[in-house]
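A quick write-up on the structure given underneath.
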Amino acid sequence: MEFKFGKEPTHEDSQPQPADKGRQTSLLVLLLVLVGGFGYLYFFTGMIRPQEQPPAPPPPPQVVKQPLPARDAAPPAAAQKTPAAPAGGPSASAVPPGKPQQPAVVGTAATPVAKSQQDTKPAAAKPVPAPQKAVETAKPAAQPPKTEQSKPLVAKSETKPAVAKPEPKPAAIQPARPAVAEKKPVAKSAGPWTVVVGYYVVEETLAADMAKVKKAGLNPVMTSGPKRPVTMHRLYVGEFGSRAEGQQVLGKIKQLGGSGFLVQRGEFYDLFAGSYAVLGGAEAEQQRLAAAGFKASIRKLQVPLVSRKLTAGTFTERKVAEAAVKKLKEASVGTPVLE
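Counting the sequence shown from 1 gives a position; my numbering is that position plus 10.
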């Protein structure tokens, strides 16, 4: 048995009908028209796609270069006028090509717009060197007045520190110190005055001057004074290896009525038979020791000794003290001074 579920497609059924073909072609044509119209509106008009406006030429280089000649006095007026003419030229030439380019886009593609922008940029940049030349030509004319004006300004600035150097503060402090120092002697003039005859180390000289002060009618007073370096004449006997040996010889000298002392010098001890401020006294003792069998040599040494201060009275009035000094000088007593 044969079962048939459906009819097999025949050649007649597979061919489309003429009415269907006409509809398909009309739809295709309509679709092409729509696509073409949309493409026209998109590419050749600005209704669908936003228009690209050409950027305006940058004016900053012109604005920056204009203030440079403003430092001069007269030349800046001419320098500003010269760049003003070329500055207006490029701005006017740059704006018109931008405005008519918008309707020109309808008949051309987007690439010419970029070309027109590139053309406008060099057109705006070309006049820039012109103001530079004008400024450069104006600068040498403006330089001489700058140097002339700067010189007096420097002279003024130099005079100001010259006036500021003498400060009144240190000038006021410096005289104040000597003023204080001057007050001290004024205070002493009101106080008592002491007549100092001199400072003595030799007892014989001190005793002689004390007698002269009494003869002059003044009252001599002796007090201790400061240490003073004095040239002394010492009788050197010899050196010993130990203190005991030196003490034995020193004892023999004292038995003869002399005096002496030991001075340690390293491991040795030096024996001196006396120390005299006057050379005559040292020579007399040297001869006496030589007669007793002791050989001694005279050595000069600087020795700090405590001095004796001799005064001739204290007075409340300066005139009386000066009169006492005058008397002592007439009697040739020491070197009297007032304190």
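From the three backbone atoms N, C-alpha and C, an ideal C-beta is built for every residue, glycine too.
It should be emphasised that the depicted structure is a prediction, and the values quoted were computed from it without experimental measurement.
Per DSSP, the unbroken alpha helix (DSSP H) holding A218 starts and ends at 213–225. In terms of Cβ geometry, F278 and F271 do not form a close pair [threshold 8 Å]. Take A302, set aside five residues on each side of it, and the residues of its chain with a beta-carbon closer than 7 Å to its own are L266, in chain order. Put simply, of L38, G344, R33, K264 the residue whose alpha carbon is nearest the alpha carbon of G284 is K264. Residues V206 of the same chain have their beta carbon placed closer than 6 Å to that of V347, with the five preceding and five following residues left out of the count.
Contact holds between the region 213–231 and the region 312–320, because three or more Cβ pairs, one in each stretch, are under 8 Å apart. V45 has no beta-bridge partner at all, per DSSP.
Bounds of the alpha helix (DSSP H) holding V259 are 253–265.
The secondary-structure analysis by DSSP pairs Q296 with nothing; it has no beta-bridge partner. Per DSSP, K305 lies in no alpha helix (DSSP H) segment and is marked neither H nor E. Contact between A292 and V212 is ruled out by a C-beta separation of about 12 Å, above the 8 Å threshold. By the beta-carbon neighbour count (other beta carbons within 10 angstroms, threshold 16), D219 is buried.
Y52 and L44 have their C-alpha atoms spaced approximately 12 Å apart.
Taking H243 as reference, the option from A306, A300, G261, P202 with the minimal CA-CA separation is A306. At a Cβ-Cβ threshold of 8 Å, T204 and E340 do not count as neighbours. Rounded to the nearest whole angstrom, the CA to CA distance from T241 to L289 is 10 Å. In terms of Cβ geometry, Q296 and L245 form a close pair [threshold 8 Å].
Of all alpha-carbon atoms in P314, G268, R309, the one lying nearest the alpha-carbon of Y210 is that of P314. The shortest CA-to-CA distance from R275 to any of I308, G248, L299 is the one to G248. For A66, there is no enclosing alpha helix (DSSP H), since its DSSP letter is neither H nor E. Note that the C-beta distance between V343 and A226 is below 8 Å. Annotation: the continuous alpha helix (DSSP H) that includes L338 extends over 328–340.
In the structure shown, A29 adopts helical secondary structure according to DSSP, grouped into three states.
In the DSSP assignment, the residues bridged to G248 are L281.
Counting along the chain, no beta strand (DSSP E) covers L228, and no H or E run does either. Looking at the DSSP output, G208 shares a beta bridge with L320. In the displayed model, V39 falls within a helix according to three-state DSSP. Taking the Cα of T345 as reference, the smallest distance to any Cα among V223, T55, D280 is reached at V223. The shortest C-alpha to C-alpha distance from E332 to any of F54, P202, A254 is the one to P202. Beta-bridge partners assigned by DSSP to Q34: none are found.
In this structure, DSSP gives G270 a state outside helix and strand, which the three-state scheme calls coil. Here G256 is buried. Its C-beta has 16 or more other C-beta atoms within 10 Å. Each residue's CA atom was taken as its position, placing D30 and V39 some 15 Å apart.
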